[in-house]
Amino acid sequence: MASKLAALQQWVDEVAVLTRPAQIHWCDGSDAEYQALVQQMLQTGDLIELNQQTHPGCYLHRSHPSDVARVEHLTFVCHPQQEDSGPNNHWMDPAAAHAKIDALFDGCMAGRTLYVIPYCMGPIDSPLARCGVELTDSPYVVANMRIMTRMGAAAQARIEREGRFVRGLHSIGELDPERRFIMHFPDELLIKSYGSGYGGNALLGKKCHALRIASHQARAEGWLAEHMLIVGIENPLGETHYIAAAFPSACGKTNLSMLIPPEGYLRDGWKVWTVGDDICWMRPGTDGRLHAINPESGFFGVAPGTSDATNHNAMRSISHDTIFTNVAVTADNQPWWEGLPGTPVSDWQGRAYDPANGPAAHPNSRFTVSARQCPTWSAQAEAPAGVPISAIVFGGRRPALLPLVMEARDWAHGVLMGAAMGSETTAAATGAVGVLRRDSMAMKPFCGYHFGDYFAHWLAFDRPGAKLPKIFHVNWFRKGSNGQFLWPGYGDNLRVLEWMIERIEGRATGVDRPIGILPADGELKLDGLALEPAWLDELLEVDHAGWQDELAAIGDYLETFAPRLPERLRVEQQRIAQALVEAAEQPRRQASG
Ligand code: SAT
Ligand code: MN
Numbered sequence: 157m158a159s160k161l162a163a164l165q166q167w168v169d170e171v172a173v174l175t176r177p178a179q180i181h182w183c184d185g186s187d188a189e190y191q192a193l194v195q196q197m198l199q200t201g202d203l204i205e206l207n208q209q210t211h212p213g214c215y216l217h218r219s220h221p222s223d224v225a226r227v228e229h230l231t232f233v234c235h236p237q238q239e240d241s242g243p244n245n246h247w248m249d250p251a252a253a254h255a256k257i258d259a260l261f262d263g264c265m266a267g268r269t270l271y272v273i274p275y276c277m278g279p280i281d282s283p284l285a286r287c288g289v290e291l292t293d294s295p296y297v298v299a300n301m302r303i304m305t306r307m308g309a310a311a312q313a314r315i316e317r318e319g320r321f322v323r324g325l326h327s328i329g330e331l332d333p334e335r336r337f338i339m340h341f342p343d344e345l346l347i348k349s350y351g352s353g354y355g356g357n358a359l360l361g362k363k364c365h366a367l368r369i370a371s372h373q374a375r376a377e378g379w380l381a382e383h384m385l386i387v388g389i390e391n392p393l394g395e396t397h398y399i400a401a402a403f404p405s406a407c408g409k410t411n412l413s414m415l416i417p418p419e420g421y422l423r424d425g426w427k428v429w430t431v432g433d434d435i436c437w438m439r440p441g442t443d444g445r446l447h448a449i450n451p452e453s454g455f456f457g458v459a460p461g462t463s464d465a466t467n468h469n470a471m472r473s474i475s476h477d478t479i480f481t482n483v484a485v486t487a488d489n490q491p492w493w494e495g496l497p498g499t500p501v502s503d504w505q506g507r508a509y510d511p512a513n514g515p516a517a518h519p520n521s522r523f524t525v526s527a528r529q530c531p532t533w534s535a536q537a538e539a540p541a542g543v544p545i546s547a548i549v550f551g552g553r554r555p556a557l558l559p560l561v562m563e564a565r566d567w568a569h570g571v572l573m574g575a576a577m578g579s580e581t582t583a584a585a586t587g588a589v590g591v592l593r594r595d596s597m598a599m600k601p602f603c604g605y606h607f608g609d610y611f612a613h614w615l616a617f618d619r620p621g622a623k624l625p626k627i628f629h630v631n632w633f634r635k636g637s638n639g640q641f642l643w644p645g646y647g648d649n650l651r652v653l654e655w656m657i658e659r660i661e662g663r664a665t666g667v668d669r670p671i672g673i674l675p676a677d678g679e680l681k682l683d684g685l686a687l688e689p690a691w692l693d694e695l696l697e698v699d700h701a702g703w704q705d706e707l708a709a710i711g712d713y714l715e716t717f718a719p720r721l722p723e724r725l726r727v728e729q730q731r732i733a734q735a736l737v738e739a740a741e742q743p744r745r746q747a748s749g
């Protein structure tokens with residue numbers, strides 16, 4: 157017996173009967189185990205050694221060319237009642253889903269090793285943390301899970317103590333897109349994933365558990381599982397505010413969580429502390445505030461665009477002991493991607509680099525690295541009680557209309573801002589890139605239940621005694637008339653975060669506009685920044701006609717969640733729509749009066 161928890165032992169036994177592996181390995185999470193796996197993968201070609209002088213402990217994995225991103229059209233959330241999954245999820249009847257995917261699992265591990273990965277999402281002694289066990293036939297998944305989660309003996313001990321854990325069964329199968337499914341059974345705390353070895357499809361602790369299953373658990377238990385980074389901003393007085401921010405995949409969450417302050421801010425003593433770059437679990441504490449943990453222990457970050465100029469902290473983190481997936485390599489065998497100096501010799505598929513084949517690194521190529529390697533890793537990231545959240549930020553890629561920053565007047569308005577979020581699609585999921593899609597709270601691909609119920613759950617946090625964070629919406633991606641970005645982004649985003657903190661501390665007044673509160677003249681600190689005044693005007697302008705259309709589109713979008721759309725959100729949408737009409741009439745009335 158490898159586990160004294162009967163439910164765990166029994167499940168592993170059952171899966172072994174179904175999948176028929178040659179052997180079973182219970183992961184202890186030790187260094188020796190990791191090193192042995194790496195050696196084995198170097199032999200099989202699952203990993204390729206990179207330049208050990210420049211990048212000690214770094215390896216490259218090339219995934220199957222058809223298996224390079226999450227596959228939302230093959231991802232299902234299988235509640236017994238279809239309505240409970242909502243229009244935001246693909247649904248299959250649980251019995252039919254089990255039958256379909258179990259047929260694929262039948263005998264699929266013949267000749268392979270079945271790895272049992274006990275893991276803990278969150279600091280191992282945190283009451284906010286939750287555990288799971290992933291069973292997989294992929295040593296690459298084991299190595300990544302070791303970096304991304306607290307994996308091994310300590311997690312197994314907690315699971316055996318608690319008796320309750322999320323089960324995740326995974327096989328790479330044949331890596332055949334025709335035989336690929338990612339299925340969730342929230343009521344059974346169960347995930348089954350077949351036919352992909354990539355990121356969120358295969359590292360089941362990440363999106364499958366920490367978002368889809370956890371969001372469902374969180375609703376029942378009164379907390380939130382969100383697609384958010386967590387960053388601590390320390391001002392020159394040594395006061396730290398923690399901010400949680402939701403952006404869709406590949407919109408700069410990792411960069412914002414590791415932001416490097418502009419020159420003048422550094423001189424003044426501002427510091428940035430990274431708590432998380434992708435997922436945030438938060439729960440009201442006895443003080444009424446929301447307290448957050450990062451359930452992960454590593455970063456699965458987008459490589460292209462990451463450079464010393466854009467994210468020096470990430471570059472330092474990934475200079476050693478990192479797994480790279482689908483990047484290109486240079487002549488001296490260093491990892492390479494678009495945005496780095498130098499030139500690649502072979503592309504992400506291992507072909508001689510030829511620009512005619514497209515980018516050298518896959519646009520969704522990634523690095524997997526332990527968070528402890530990040531120079532700005534916060535000591536508070538390991539705090540069992542989590543960090544108190546001062547602000548929640550929503551954002552997306554919006555080339556027009558959405559201002560650089562706006563603040564919600566209250567919680568319900570903030571929930572509407574999150575629900576209305578939209579963004580241009582990126583390479584993080586398969587499908588067309590650059591199309592506007594609504595992505596409420598950046599959770600469209602990750603909410604494990606009906607969005608209408610999810611909005612109601614968010615609204616329910618506004619109750620007597622609650623000391624809720626302020627909610628803001630940002631847009632770093634606003635473009636000018638000739639297609640250039642109007643805002644420099646990256647480190648300069650701290651200027652916007654500083655304004656938020658000034659608002660939280662009651663030191664900035666802002667100006668009330670129909671769409672929310674925007675920075676008043678001079679409140680955004682722009683010293684040291686060469687920003688054309690006209691661009692700032694454009695970044696903070698409120699185009700009433702454009703916003704009326706936007707509100708109508710938001711209204712239409714929200715109605716797709718009827719009859720479960722909370723009336724409170726409808727009222728909020730109508731309030732703003734009406735305020736826009738009145739604001740548009742005001743100058744006319746003044747002119748004629
Ligand atoms: O592939 S993952 O889901 O892990 C990464 C992402 O899309 O954010
Ligand atoms: Mn993500």
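Numbering (my numbering), first residue to last: 157 to 749.
Where is the CB? At the ideal position from N, CA and C, for every residue including glycine.
Which residue comes first and which comes last in the beta strand (DSSP E) that contains residue i?
{"i": "K626", "result": "K626 to V630"}
{"i": "I369", "result": "Where I369 is concerned, there is no enclosing beta strand (DSSP E), given that its DSSP letter is neither H nor E."}
{"i": "S546", "result": "V543 to G551"}
{"i": "S526", "result": "R522 to S526"}
{"i": "E290", "result": "R286 to T292"}
{"i": "P500", "result": "P500 to S502"}
{"i": "K427", "result": "K427 to G432"}
Alpha carbon to alpha carbon, how far is residue i from residue j?
{"i": "G260", "j": "L496", "result": "Sequence inspection shows Leu at residue 260; the Gly mentioned does not correspond to that position. Distance between the alpha carbons of L260 and L496 is about 41 Å."}
{"i": "G641", "j": "Y421", "result": "Note that residue 641 is Phe in the sequence shown, not Gly. If you take the alpha carbons of F641 and Y421, they lie about 23 Å apart."}
{"i": "D293", "j": "E170", "result": "15 Å"}
{"i": "A537", "j": "V431", "result": "5 Å"}
{"i": "D618", "j": "W567", "result": "7 Å"}
{"i": "G684", "j": "S413", "result": "22 Å"}
{"i": "A733", "j": "Q704", "result": "6 Å"}
{"i": "R669", "j": "E334", "result": "51 Å"}
{"i": "G454", "j": "A588", "result": "29 Å"}
{"i": "I474", "j": "Q529", "result": "8 Å"}
{"i": "G749", "j": "A701", "result": "Confidence at G749 is low in this model, with a pLDDT of 45, below 50, so the placement of that residue should be treated as unreliable; the coordinate-derived value is given next. Rounded to the nearest angstrom, the two C-alpha atoms are 22 Å apart."}
{"i": "I303", "j": "G319", "result": "24 Å"}
{"i": "V727", "j": "F628", "result": "19 Å"}
{"i": "R176", "j": "R268", "result": "9 Å"}
{"i": "A381", "j": "L367", "result": "6 Å"}
{"i": "G678", "j": "E661", "result": "17 Å"}
{"i": "T478", "j": "Q730", "result": "49 Å"}
{"i": "H476", "j": "M384", "result": "26 Å"}
{"i": "M577", "j": "A162", "result": "45 Å"}
{"i": "Q165", "j": "M157", "result": "7 Å"}
{"i": "L736", "j": "M562", "result": "15 Å"}
{"i": "A516", "j": "K409", "result": "23 Å"}
Please report the Cβ distance between residue i and residue j, rounded to the nearest whole angstrom; I am assuming they are in contact, meaning their Cβ atoms lie under 8 Å.
{"i": "C264", "j": "S327", "result": "5 Å"}
{"i": "I347", "j": "H372", "result": "That pair is no contact at about 12 Å."}
{"i": "E715", "j": "L721", "result": "7 Å"}
{"i": "A406", "j": "A584", "result": "4 Å"}
{"i": "N469", "j": "I416", "result": "7 Å"}
{"i": "T486", "j": "W493", "result": "Incorrect: roughly 11 Å between the Cβ atoms, too far for contact."}
{"i": "Y275", "j": "A309", "result": "Their Cβ separation, rounded to whole angstroms, is 11 Å, which puts Y275 and A309 out of contact at 8 Å."}
Among the options, which has the Cα closest to the Cα of residue i?
{"i": "A676", "options": "R659, D488 and A508", "result": "R659"}
{"i": "Y713", "options": "D595, D332 and T532", "result": "D595"}
{"i": "S219", "options": "E316, A313, T478 and L331", "result": "L331"}
{"i": "L650", "options": "A576, E661, V630 and G666", "result": "V630"}
{"i": "A556", "options": "E738, P719 and W691", "result": "W691"}
{"i": "D443", "options": "V549, A622 and F337", "result": "A622"}
{"i": "A374", "options": "Y610, D510 and W167", "result": "Y610"}
{"i": "S159", "options": "G201, W247, V289 and Q196", "result": "V289"}
{"i": "H569", "options": "R724, L592 and L203", "result": "R724"}
{"i": "V194", "options": "A178, Y215, H397 and A539", "result": "Y215"}
At which residues does the alpha helix (DSSP H) containing residue i begin and terminate?
{"i": "T410", "result": "K409 to S413"}
{"i": "M573", "result": "W567 to A576"}
{"i": "R659", "result": "N649 to I660"}
{"i": "V297", "result": "P295 to M304"}
{"i": "Q209", "result": "First-last for Q209: undefined, no H or E at that position."}
{"i": "L692", "result": "P689 to L696"}
query: Do the stretch 353-364 and the stretch 216-228 meet, that is, are 3 or more Cβ pairs less than 8 Å apart?
result: yes
query: Does the stretch 380-394 come close enough to the stretch 431-444 that 3 or more CB-CB pairs lie under 8 Å?
result: yes
- request: For the stretch 247-260 and the stretch 272-290, state whether three or more C-beta atom pairs, one from each stretch, are separated by less than 8 Å.
  value: no
field: Touch test, the stretch 445-463 against the stretch 520-528, Cβ-Cβ under 8 Å, three pairs minimum
entry: yes
- prompt: On the three-pair Cβ rule with 8 Å, is the stretch 600-609 touching the stretch 240-249?
  reply: yes
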